[in-house]
Each structure stands twice: as C-alpha cells, then as structure tokens.
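Remarks on the structure that follows.
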Amino acid sequence: MIPLAFAREGTQVKIVHVNAGKGLTRRLTELGIFPGAILKVVKTLGHGPVMVEICNNQKAQPSCNSCVLGCNTSPNGWRIVLSFGMAMKILVQELM
Amino acid sequence: MLFLAVKNQNPQKLSRKIKIALAGNPNVGKSVIFNELTGGKAWVGNWPGTTVEKKVGKTKIDGYEVEVLDLPGIYSLTAYSLDELAARNGIVEEKPDVIIDIANAANFERSLYLTISLLEMGTNVIVALNMIDLAEAQGYKIDAEKLSKLLGIPVVPTIAIKGYGIDELKETIIKSLKIKRIPEKIVDYGDFVETEIRKIETIIEKDSKLSKKYLPRWFAIKLLEGDKDVEKRIEKSPFADEILKQTQKSRKMLDQTLQKDVEEYIAEKRYEKALEIARECLKTVKTKPLTLTDMIDFVTTHKVFGIPIMLTMLYIAFKFAFDVAAPLCDLIDWFFGAFLYDLVANSTLPSIVKSFLGDGIITGVGSILVFLPNIAFLFLFLAFLEDIGYMTRAAFVVDKIMHKLGLTGKSIIPMILGFGCNVPAIMATRAIEDENDRKVTALVNPLMSCSARLPVYLILAGAFFAAYKGTAVLSMYVLGLILAIIMALFFRKLVFKGPSAGFVMELPPYMMPLVKNIVIKTWERSKRFLFKAGTVILLAAILVWVLSITGPSGYIGVEALEDPYLLEKSWVGVLGHFLEQIFSPMGWDWRAAAALFFGFVAKEVVVAAMAMLYGAGGEETLPGILAGLFTPLSAYAYMAFVLIYVPCLATLAAIRSELGMKYALFALIYEIVLAYLVAVGIVFIGHLLGLS
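Those protein sequences? They're chains W and P, same order as listed. Numbering follows the numbering used here, with no gaps: position 87 of the first sequence is 87. Numbering follows the numbering used here, with no gaps: position 513 of the second sequence is 609.
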C-alpha cells in the first residue's frame, strides 16, 4: 500500500483508504474517489500534483482483470487533479 | 394530442408565468443553455444571505412567460459548500416549476449523481443530456430513452453550443408542466437504513406544514447525513425535539450496524446507483481514441514546458490588451480630450458651468474611459482562457511551486483573474477547499495589479520612461506578483499556520468556446467598469472639483484649476499639503499626494484627480505637465505606491463579504504599511545607486 502521490505514471491503482475529514471524504466520493474505486495515474509532477482518470465499472467488476478492461473502455475522459498533499492522504494499491 | 387538448381547455393558462431553474455540474455548458434560452440578457444579484452570484433571465415559450434561474455549478446538494447550499435553498425558496438538470454526456455518472440528488428532493426534473457529440467522439453513446425510463423523467439530448436540442427542450418544459410527478424512492439504501429513514419520515409527516414544504423522505435522509441546514429548518417545528432525538438514535444505531459513517455510506450508495444507471444506458462502447484534449494536455501540463507555456499565455494576453486596443484608446482620447473639451471650452456657457463640465466631468471621467479598450480586451482574453479550459491546467502546473510558497495550485486562478479585476478574483477564491489557503489567497489578491491601476502606470510610464514604457509597466505587474508571494509566505508562516489540506479539481476537456459566451462575459465585466466610471468615478471627480474651487475661506473660483497658487488655498490644497509631509521622503508634489487620497474610492480616480488638479485638458496633456514635477525615480515610487496602497472600496467590500470585516481591515492596514515601505525603499535604493 502506498500513497497515491507516489504511484508511478501510467499505472492503475485501487483505492484502499482515504484518510481525510468528513467534508473532504464526501467531496472525494462525489468525484468518484473512494475505497474500492480504480484510478489510472495519468501524470505526476515529481513531488507535485497528481492527475488521475477514474475508471468505470469498478464496482461491478472489482477483480483486477476486468478492471483493466473497464479502464480501457472507460467513457470517462474527464480527469481529476489532486494536489500533492491530498494525494498523500489517499492510500492505494498498484494493480499493474 | 393530449397536450393540445389540455391547452384548449385552459385558455387562461396561456399567459401564465412559470419559473424554471438550471442545475448542473460546473463546466457542463450551463451558461450556454442559459444564454440560448434567454438570449443572454440576465439580471445578476446574490442569493439571499450569501455572496454566491444569482443570475435570472426571462424568455417566452409557447405563450408562457418563463423566468429562468441559473443555479450555481454544483456536484451535489450538501450543506458543505456555499454554492451547493445556495442552489438548494434556491430550489426550496423559489420553488421552480421545472428544474432542467444539465447532465454531461461526456462525464455521465458524475452528472447522474446530481440528478439523483435533485430527484430525492422531490423536484420536477428534466434532464438535458448535453455534449452528446463529445461523448460520441470518445467512442460511446447514451441511450436517452432508456435513461428516461430508468429515472422516470424526460431526457432531452442536446449539443448546446450548436443550438441542437434547444427547441425540444423548450417543448419538454411546457409538456412537463402538465404532468404531476409523484416522488418515488430513487435510491434504495438497504433495509437497515430504509427502516430508520421511515422512522424519521413518519415523525416529520406529523407536522403538516413542514411536510408540505419539503419532501419528508428527503429531509429524513438529509438528517441522517447530519445536514446542519436541514436541522435548522426543523428547529421551529413542534416536533423538532422528537425528530432530532430519533435522528440521533438512528445515526448511532446505523454507525454500529454498518461499521462505517452513515453519511459516507449514503453518499456511496447514491454513487453506486449513478454508476448502475450509467452502465445500463451506455451503448456501443469503443476503445477510447486519443483525443485532442490528450494531445493538448501533453504539452500544456508538461513537466518542463508547462510553466513557460503559461507565462507565454499571459504575455499574449497583455500584448493583445495593449497593442490591439491602442487605436481605440487614441480615438476615445481624441473624443474626450480634444473634441468634447474644446466644444465646451468654446461654448457660450457661464464659466462655472464650463469648468464643471470641462475640468470636472470631461477631464475626470474622460481620462478613465480612455482605458476602456485595454481593459475590455484584457477581460476578453481572460474569458477566452477560462472558457477554453486552460485555467485548471495552469493550476496543475504551478501547484508544486505554489505549494512551496504556502499556497496551492488553485490559488493561481484568482491570481490571474486579479490582473483583470480583484473583485471577481476574490470571489473566485471560494473554489479553494482549504480555509487557510483561501484566506491567504484572498488577502494577497489586491496586490495582483488589476486593470484599474493601469491608467496610472501608463500615464507616468509614458511621461518618464518613454522608451522603456512597456518594461516599466510590466515591472509593476512583476513587483505585485513578487510582493503577493512574499506576503503569502509571511501570512502562512505567522498568521495562518498549519499544513494545507490540498485540493482536488476536475480538468474539463478543452473546448472551442462560443464567441457569444465570451462576448457576454467580457461585456458583463466591462460593464462594471463603465458603471464605475459613470457612478463612483464621476462622483469622485465632482467631489475633487468642488473641493478644488472651495477652501477654508469659502468659494475660491474656477480659476483655481488653472492657477496652482489659488489651488493651494482650496480644501484639496490643505489636504495635499498635509499628505505631502507624510510623503516627503518620496518627494511627491502635494497635488499628487491629494490624488492618492481620492484614489481610495477606485484607483482610476488617481488619474482623474491628477488630470484635474494639474489642469490638463486641451493642449496641455497630463504626461507633459507631470514631466516637470516628478523625477523618474519619484514617479516610479509613485507607481509602486499606487499598486500596493489600499485596495479599492469594491475590493474591500469583496474581502469583507468573503472573509469578514476583520480581514478587510487587516488587508487595508497591511497594504498601506507595505506601500509606504516599498515606496521609501525604492527611493532609498535609487539614491544609493546615484539616481535622482
């Protein structure tokens, strides 16, 4: 388990834990960032912000293989940027 | 047919007034639909009790007079953010007949989350499925009919920026007036939660007044979520104690059974529902092609090129604002300075009227209006950068640097907007999640050199640094930026301590903005400048004029504005001489000192007041007169002082409404002190370097 801030560019990660206050956790959930969700790390800027893409279908197919499929066929082209500090609060597991 | 039949039976309904509201996530094309529906004409105000902007427009559809309410861009309907609360209260208080929920087809499930939240409130919703072209370009389609069936409400596919689907949307609005939708359960929260919802709901239903105004189930869910605003609304109910007691019991019970926070659980369930519906409605999913946005992002968010690209964008913005607007400025200058002034001067009016019109109004207001083209073009370019989707990328690239300075990347957006005007910039700080980050960003924002200060720079730089005019003006912007950074670091270390919570932000795809939207945005902001010129600046100019021709000894005469010795005896003279002593290290003339005093109202007034006090007009241009009274060094110190000293009244009001009176006073004081120190510093260093 590593903080999202340290995930490598181009990898897919699964969120394990979000270590934030109530309001923030809520806001992240609305954006699709919550334990179990799968993200693709699009870009990182060293010890800077992280750009992620949220993969679809993660709840339906939580296993790793299908999640990769889910991400490649993701219709969700919108990206989310998390500041470095925020990305440190999100613990993830690298999938590939 | 049924629709027609109903219409014929109720002919009086033809002239009925209805109210619709537009809801949607940020960046879904809400303002485009608003403009399509209303033709762009809007009344702008604030939502009651907040500083969140409220936009209202009017239109006619099928004989109905329709009031269109633009709700703030939101992701859900919690009480956590000002925007969301304002939107929710807007729905509750204004009771729109129909809510158009603009969903983004290209970001489908997130939009659905809001749709579900709206339906839970028990409102009459129509979904406008916008940007379907973008979704198709990304390789998938949404089954609108199926979506309509699943949600039980009308769904209209639209491509707002091409005007596609707008007519159908209008038809659907009218049709949906006829149908009374019975609120049903949208999300099933599972047996445990549902039982508790039911318990709370039953108590709420006992209060007929409450349950008539709000949907009891919605209130019950919100109470379980710990919604402070709903708790407040319940307070007055005779059953308030009973409701709150049950809520507490239910929450405690559920926290234990679910092994997690109820609030989190409810939000997750809602998101799951959104995902479920999204999955069912998506068709022909192809592999996502590399989009144009991907390609542009590769460059604009590049590790190395990102920041140079941002600086280039800003450089282009200013180049555009100055060079392209220059001929227009000359034209306005000629109109006021030569044409109108001479017209009045050569007329047969009494000399006091001539002076009032010529020296007071035309010189005062005219000297400001000259800069309208510059300001409008700057606003135009900033609106373009915003609408194309670039601003969020700028926030991404600078986050690392900003973080070191104690701010976040998101702070860059208000800072760039500050180059246009500090008032909307300070309002834009609302998007910053971390409270301390937000306060610091708002407090240093007045140091970002807004367009109102530009007239002062241009006049002085033109008079003293002719060959290096551009560089001298640019240096002011850089100085402001550097001071903002230093002060931010200082505030973060001493006043607003503690680590930043950071930020999350969506990156919308790049979009070719609609010319109409940019023009409307630019016009709305430039209008504020024009309005200011017509009201505050005009009044200030008249005040300066009156205080110049009268003094402690009474009426002096309009000759005072031509004769410096007479002017010294006026109120302005008294004030100027007093201030001159304070500014003696900088060696500013007493008239320049007096102009600073009036500049507190709005910084453009400094130029207006100088033009009047130095007797500019006709043959004598202001830069020409100033050349003999300042040295380049004292002029530069004066420019710096104008940059920093006191935010204008409107900016102070913005800080007050965003952060409170305490911070407004704080900003006022720290800026005066800082301005003085910097001005003295410039003169001191100048002398050391042997400049005079």
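Cβ atoms here follow ideal geometry from the backbone N, Cα and C, with glycine treated the same way.
Inset, instruction - Tell me, please, whether the CB atom of P:Leu603 is closer than 7 Å to any CB atom in chain W? - result: Counting from 1 along the second sequence, the entry for residue 603 of chain P is found at position 507. It does; some Cβ of chain W falls within 7 Å.
Inset, instruction - State the start and end residues of the unbroken beta strand (DSSP E) segment that holds P:Pro253. - result: On the second sequence, position 157 is the one that residue 253 of chain P refers to. Start and end: Val251 to Pro253.
Legend entry - Residues that W:Ile80 contacts on chain P, provided the C-beta gap is smaller than 9 Å: Stepping through the first sequence from its first residue, residue 80 of chain W is reached at position 80. Chain P residues near W:Ile80: Val600, Met601, Glu602 and Leu603.
Inset, instruction - Return the residues of the segment 24 to 55 of chain W that lie within a Cβ-Cβ distance of less than 8 Å from chain P, sorted by chain order. - result: Leu24, Thr25, Arg26, Arg27, Leu28, Thr29, Glu30, Leu31, Gly32, Ile33, Phe34, Lys43, Leu45, Gly46, His47, Gly48, Pro49 and Met51
Legend entry - Under 8 Å from the C-beta of W:Phe84: neighbouring residues of chain P: On the first sequence, position 84 is the one that residue 84 of chain W refers to. Within chain P, the residues near W:Phe84 are Asp495, Lys496, His499 and Gly598.
Inset, instruction - Name, in chain order, the residues that DSSP records as bridge partners for P:Asn200. - result: As a first step, residue 200 of chain P must be located in the second sequence, where it is residue number 104. DSSP output for P:Asn200 lists P:Asn226 as bridge partner(s).
Legend entry - Minimum length 4: unbroken alpha helix (DSSP H) runs contained in the segment 368 to 453 of chain P: 388 to 396, 402 to 415, 422 to 429, 437 to 441 and 447 to 451
Legend entry - Close beta carbons around P:Asp455, own chain, < 8 Å, minus the five adjacent residues each side: Position 359 of the second sequence holds residue 455 of chain P. So the list reads Trp641, Val654, Leu657, Met708, Gly711 and Gly713, once near-sequence residues are dropped.
Legend entry - Beta carbon proximity, P:Lys356 to chain C, threshold 7 Å: Among the protein chains in the structure shown, which are W and P, there is no chain C.
Legend entry - Proximal residues to P:Leu133 (C-beta, below 6 Å), its chain only, five neighbours per side dropped: On the second sequence, residue 133 of chain P is found 37 positions in, with the first residue counted as 1. Thr155 and Val164, listed in sequence order.
Inset, instruction - Taking all protein chains shown into account, decide if P:Trp684 is buried (16 or more other Cβ within 10 angstroms of its Cβ) or exposed. - result: Taking the first residue of the second sequence as 1, we reach residue 684 of chain P at position 588. So P:Trp684 counts as buried.
Inset, instruction - With DSSP as the reference, label W:Ile2 as helix, strand or coil. - result: By 1-based counting over the first sequence, the position of residue 2 of chain W is 2. Correct three-state label for W:Ile2: strand.
Inset, instruction - Output, in chain order, the set of chain P residues within a Cβ distance shorter than 9 Å of W:Lys22. - result: Residue 22 of chain W sits at position 22 when you count from the first residue of the first sequence. Correct list: Tyr176, Gly322, Asp357, Glu359 and Glu360.
Legend entry - Candidates P:Ala490, P:Leu468, P:Lys318 and P:Ala374: closest to P:Ser213 by CA position: Along the second sequence, one-based indexing puts residue 213 of chain P at 117. Among P:Ala490, P:Leu468, P:Lys318 and P:Ala374, the Cα nearest to that of P:Ser213 is on P:Lys318.
Legend entry - Beta carbon proximity, W:Ser66 to chain P, threshold 7 Å: Start at 1 with the first residue of the first sequence, and residue 66 of chain W comes out as number 66. At W:Ser66 the pLDDT is 37, less than 50, meaning the model places this residue with poor confidence and gives no usable figure here.
Inset, instruction - Express the C-alpha separation of P:Gly669 and P:Leu634 in angstroms, rounding to a whole number. - result: Translated into the one-based positions of the second sequence, residue 634 of chain P becomes position 538. Translated into the one-based positions of the second sequence, residue 669 of chain P becomes position 573. Using only the alpha carbons, I get a separation of about 21 Å.
Inset, instruction - State the start and end residues of the unbroken beta strand (DSSP E) segment that holds P:Ala491. - result: Stepping through the second sequence from its first residue, residue 491 of chain P is reached at position 395. Per DSSP, P:Ala491 belongs to no beta strand (DSSP E); it is in the alpha helix (DSSP H), Tyr486 to Lys500.
Legend entry - Interface flag, P:Ser507 vs chain W, CB-CB below 7 Å: By one-based count along the second sequence, residue 507 of chain P stands at place 411. For P:Ser507, the answer is no, since every Cβ of chain W falls outside 7 Å of its Cβ.
Legend entry - Integer-rounded CB distance, given that P:Ala763 should sit under 8 Å from P:Pro542: What you label residue 542 of chain P is simply residue 446 of the second sequence in a count that begins at 1. What you label residue 763 of chain P is simply residue 667 of the second sequence in a count that begins at 1. Contact flag correct, Cβ pair sits at about 6 Å.
Inset, instruction - Find out if the Cβ-Cβ distance for the pair P:Val124, P:Asn200 is shorter than 7 Å. - result: Mapped onto the second sequence, residue 124 of chain P falls at position 28. Mapped onto the second sequence, residue 200 of chain P falls at position 104. The answer is yes: Cβ separation under 7 Å.
Legend entry - Local Cβ density within 10 Å of W:Thr11, reported as buried at 16 or more and exposed below that: Here residue 11 of chain W corresponds to residue number 11 of the first sequence, with the count starting at 1. Exposed, since its Cβ has fewer than 16 Cβ neighbours within 10 Å.
Inset, instruction - Please confirm if W:Pro75 has its CB atom under 7 Å from at least one CB of chain P. - result: As a working note, residue 75 of chain W is residue 75 in the first sequence. Unreliable placement is indicated for W:Pro75, whose pLDDT of 44 sits below 50; the coordinate value is still reported in the next sentence. The Cβ of W:Pro75 sits closer than 7 Å to at least one Cβ of chain P.
Inset, instruction - Kindly indicate which three-state DSSP category P:Asp284 falls into: helix, strand or coil? - result: As a first step, residue 284 of chain P must be located in the second sequence, where it is residue number 188. It is coil, neither helix nor strand.
Inset, instruction - Please check the pair P:Ile249 and P:Ile222, which I expect to be a contact at CB under 8 Å, by giving their CB distance rounded to whole angstroms. - result: Taking the first residue of the second sequence as 1, we reach residue 249 of chain P at position 153. Taking the first residue of the second sequence as 1, we reach residue 222 of chain P at position 126. Confirmed, Cβ separation roughly 6 Å.
Inset, instruction - Could you check how far apart the C-beta atoms of P:Pro122 and P:Val148 are, in whole angstroms? I think they sit under 8 Å. - result: Residue 122 of chain P sits at position 26 when you count from the first residue of the second sequence. Residue 148 of chain P sits at position 52 when you count from the first residue of the second sequence. Between P:Val148 and P:Pro122 the Cβ distance is about 13 Å, and since that is not below 8 Å, they are no contact.
Legend entry - Cβ pair P:Pro192, P:Ala117 closer than 7 Å: For the purposes of this step, residue 192 of chain P is identified with residue 96 of the second sequence, where counting begins at 1. For the purposes of this step, residue 117 of chain P is identified with residue 21 of the second sequence, where counting begins at 1. Yes; because the gap between Cβ atoms is below 7 Å, this pair is in contact.
Legend entry - P:Ala689 to P:Asp419 span [Cα, whole Å]: What you label residue 689 of chain P is simply residue 593 of the second sequence in a count that begins at 1. What you label residue 419 of chain P is simply residue 323 of the second sequence in a count that begins at 1. Straight-line Cα distance between these residues: approximately 31 Å.
Inset, instruction - Kindly provide the ranges of any alpha helix (DSSP H) runs that are 4 or more residues long and lie completely inside the segment 639 to 713 of chain P, ordered along the chain. - result: Qualifying alpha helix (DSSP H) stretches, in chain order: 660 to 663, 667 to 678, 686 to 694 and 700 to 709.
Inset, instruction - Let me know if P:Glu359 comes out buried or exposed under the rule of 16 or more other beta-carbons within 10 Å of its beta-carbon. - result: Numbered from its first residue, the second sequence carries residue 359 of chain P at position 263. Under this definition P:Glu359 is a buried residue.
Inset, instruction - Can you tell me which of the three DSSP states W:Gln142 falls into? - result: Residue 142 of chain W cannot be examined here, being either before or after the span of chain W that is shown, 1 to 96.
Legend entry - Positions along the segment 205 to 227 of chain P whose CB lies within less than 9 Å of some CB in chain W: Listed in sequence order: Glu205, Arg206, Tyr209 and Leu210.
Legend entry - C-alpha distance - W:Asn65 paired with W:Leu95, whole-angstrom precision: Translated into positions along the first sequence, residue 65 of chain W becomes position 65. Translated into positions along the first sequence, residue 95 of chain W becomes position 95. At W:Asn65, the pLDDT of 38 sits below 50, so the modelled position is not reliable; the number obtained from the coordinates is stated separately. Going by the C-alpha atoms only, they are around 9 Å apart.
Legend entry - Neighbourhood of W:Lys43 by C-beta distance below 7 Å, restricted to the same chain and skipping five residues each side: Start at 1 with the first residue of the first sequence, and residue 43 of chain W comes out as number 43. Around W:Lys43, the same chain offers Glu9 and Met51 as residues with beta carbons nearer than 7 Å, after the five sequence neighbours per side are excluded.
Inset, instruction - Under 7 Å between beta-carbons, which chain W residues line up against P:Glu364? List them in chain order, please. - result: Locating residue 364 of chain P in the second sequence gives position 268, where the first residue counts as 1. Correct list: Thr29 and Phe34.
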